[in-house]
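Note sheet for the following structure.
Number of protein chains: 2
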Amino acid sequence: MNYPSRLIEDAVNEISRLPGIGKKTALRLALHLLKREEEQTRSLSEAIVNMRTKTTYCVKCHNIADEMYCNICANPKRDRTTICVVVDTRDVLAIESTNQYKGLYHVLGGIISPLEGIGPADLNIDSLVNRVEKPAEEEGVQEIILALSPTMEGDTTAFYLQKKLKSTGVKMSTIARGVPIGGDLEYADEITLGRSIISRVAYD
Amino acid sequence: MNYPSRLIEDAVNEISRLPGIGKKTALRLALHLLKREEEQTRSLSEAIVNMRTKTTYCVKCHNIADEMYCNICANPKRDRTTICVVVDTRDVLAIESTNQYKGLYHVLGGIISPLEGIGPADLNIDSLVNRVEKPAEEEGVQEIILALSPTMEGDTTAFYLQKKLKSTGVKMSTIARGVPIGGDLEYADEITLGRSIISRVAYD
Numbered sequence: 001m002n003y004p005s006r007l008i009e010d011a012v013n014e015i016s017r018l019p020g021i022g023k024k025t026a027l028r029l030a031l032h033l034l035k036r037e038e039e040q041t042r043s044l045s046e047a048i049v050n051m052r053t054k055t056t057y058c059v060k061c062h063n064i065a066d067e068m069y070c071n072i073c074a075n076p077k078r079d080r081t082t083i084c085v086v087v088d089t090r091d092v093l094a095i096e097s098t099n100q101y102k103g104l105y106h107v108l109g110g111i112i113s114p115l116e117g118i119g120p121a122d123l124n125i126d127s128l129v130n131r132v133e134k135p136a137e138e139e140g141v142q143e144i145i146l147a148l149s150p151t152m153e154g155d156t157t158a159f160y161l162q163k164k165l166k167s168t169g170v171k172m173s174t175i176a177r178g179v180p181i182g183g184d185l186e187y188a189d190e191i192t193l194g195r196s197i198i199s200r201v202a203y204d
Numbered sequence: 001m002n003y004p005s006r007l008i009e010d011a012v013n014e015i016s017r018l019p020g021i022g023k024k025t026a027l028r029l030a031l032h033l034l035k036r037e038e039e040q041t042r043s044l045s046e047a048i049v050n051m052r053t054k055t056t057y058c059v060k061c062h063n064i065a066d067e068m069y070c071n072i073c074a075n076p077k078r079d080r081t082t083i084c085v086v087v088d089t090r091d092v093l094a095i096e097s098t099n100q101y102k103g104l105y106h107v108l109g110g111i112i113s114p115l116e117g118i119g120p121a122d123l124n125i126d127s128l129v130n131r132v133e134k135p136a137e138e139e140g141v142q143e144i145i146l147a148l149s150p151t152m153e154g155d156t157t158a159f160y161l162q163k164k165l166k167s168t169g170v171k172m173s174t175i176a177r178g179v180p181i182g183g184d185l186e187y188a189d190e191i192t193l194g195r196s197i198i199s200r201v202a203y204d
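Chains A and B, in that order, are what the protein sequence lines are.
So for the first sequence, UniProt numbering puts the first residue at 1; every next one is plus one.
So for the second sequence, UniProt numbering puts the first residue at 1; every next one is plus one.
Have a look at this one:
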């Protein structure tokens, strides 16, 4: 495209490097910023640089943190005997928003994917084993909940973690897979429906 | 949402002020930047601030420009007798990408919309009348092409411009409305199809 200004072109090129944003959307965003107060662009620019340069990762669970420990690990009210293993911070936020989990987390930072060249060594797995084997402070981990996506990569990672943690004797579980709440049986795919029959839950 | 870090929260809030970007997408973009090199965030940040603070508008056509005149007005090869009137820079880019127009432009900077409180005085209309009435330099405008969207606002603006420019005696036209090229007649809406019959073009 023949941009009217080199400055716009530079901005469009930079914005369109973000995931899911093409050149047309980038141009729309750039023109939007041009129409708004200069202050808005400055504060956007500062917020992303501050975030990038000052954010750190929790030394315990690898979640994003402002300080050494994340809000969750630093919270004395959380149940320290349970660790929920997730892929990234978005999963932590999703589970936190359910208000159903009061334990700690462990962020793997990715998922085992031979196709993308991501192996167990690229993930925060050793530190998870360490947390179970050599519990620091008041931690005495009794259960590991795997909250991984029900995909091939998720299943592979879950299988690897089970093998790796077997010797520690810690109790392990996975989040339930089945028909979504509010979902119509008729529209559930056959694999999900099949699994939900196999994993049926007995009434007490 | 309960963000893991205040820095992330600030960045998400700033990013989600952009049009069409909600909190979830903003979080995805923020986490993406966190995973990439610090340099990428810095150059994104610099590009948008540079664009916002250094971009100006062409004194002749109000298109975005790096200098006093935009690339198009400054180009001596463009036909200076024809002005195409558009709403914003995106329209200029869209028309330029067709390679079918060699004249100049005039960017209104908006469209008459009583609902949004935008009247003729808020748009670059006086300067358009000036360009026709008192042609500067080598300009001798002979035709004004209105390239406005076929909406109520577009039609209102076109009607206003026709009245405003009538006394100058300049030739005025509008871009053709009809069935899109490659479109199937069956799927054209009835208003477009109706107009395309009324505005039929005779074979020579």
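Each residue gets a CB set at the ideal place from its N, CA and C atoms; glycine is no exception.
This one's a predicted model, so the numbers in the text were calculated from it and none came from an experiment.
Going by other Cβ atoms of all chains shown within 10 Å of its Cβ, with 16 needed for buried, is residue i buried or exposed?
| i | result |
| --- | --- |
| A176/A | exposed |
| D91/A | buried |
| D66/B | buried |
| P4/B | buried |
| I181/B | exposed |
| Y187/B | exposed |
| S97/A | exposed |
| I83/B | buried |
| C161/A | Reading the sequence as shown, one finds Leu at residue 161/A and not Cys. By the 10 Å Cβ count, L161/A comes out buried. |
| M68/A | exposed |
| T55/B | buried |
| M51/A | buried |
| L7/B | buried |
| residue 212/B | Outside the shown range of chain B (1 to 204) lies residue 212/B, about which nothing can therefore be said. |
| R36/A | exposed |
| N2/B | exposed |
| E9/A | buried |
Quick check: residue i and residue j, are their CB atoms within less than 9 Å of each other?
| i | j | result |
| --- | --- | --- |
| G110/A | D88/A | yes |
| L29/A | I191/B | no |
| K171/A | L104/A | no |
| H32/A | L18/B | yes |
| E47/B | A202/A | The question names Glu, but residue 47/B is Ala in the sequence shown. No; because the gap between Cβ atoms is not below 9 Å, this pair is not in contact. |
| E14/A | L44/B | yes |
| E143/B | T168/B | no |
| V141/A | K164/A | no |
| T53/A | E38/B | yes |
To which residues does DSSP link residue i through a beta bridge?
| i | result |
| --- | --- |
| K171/A | E143/A |
| T81/A | None; T81/A has no bridge partner. |
| S113/B | I118/B |
| H106/A | V85/A |
Keeping to the same chain, check which residues put their C-beta closer than 6 Å to that of residue i; ignore five residues upstream and five downstream.
| i | result |
| --- | --- |
| L148/B | G154, T157 and A158 |
| L123/B | L108, G109 and G110 |
| L146/A | V85, A158 and T174 |
| T41/A | L33 |
| A95/B | The residue asked about is misnamed: residue 95/B is Ile in this sequence, not Ala. Only Y101 meet the Cβ criterion. |
Give me, in chain order, the residues of the same chain whose beta-carbon lies closer than 7 Å to that of residue i; leave out the 5 immediate sequence neighbours on both sides.
| i | result |
| --- | --- |
| S16/A | G22, K23 and A26 |
| G119/A | I112 |
| P150/B | R177 |
| R195/A | R177 and G178 |
By Cβ distance below 8 Å, which residues in the same chain neighbour residue i in space, the five residues on each side in sequence not counted?
| i | result |
| --- | --- |
| S199/A | A176, R177 and G178 |
| Q100/A | none |
| N63/B | Y57, C70, I72, C73, T89, V92, Y105 and V107 |
Kindly examine the ligand MG and report whether one of its heavy atoms sits closer than 8 Å to the Cβ of residue i.
| i | result |
| --- | --- |
| V12/A | The ligand MG is not among the ligands present in this structure, which contains no ligands whatsoever. |
Measure from the C-beta of residue i to each C-beta in chain C and report whether the shortest distance is under 9 Å.
| i | result |
| --- | --- |
| V87/B | Absent here is chain C; the protein component of the structure consists of chains A and B. |
At which residue ranges does the region 42-92 of chain A contain complete alpha helix (DSSP H) runs of 4 or more residues, listed in the order of the chain? 71-74
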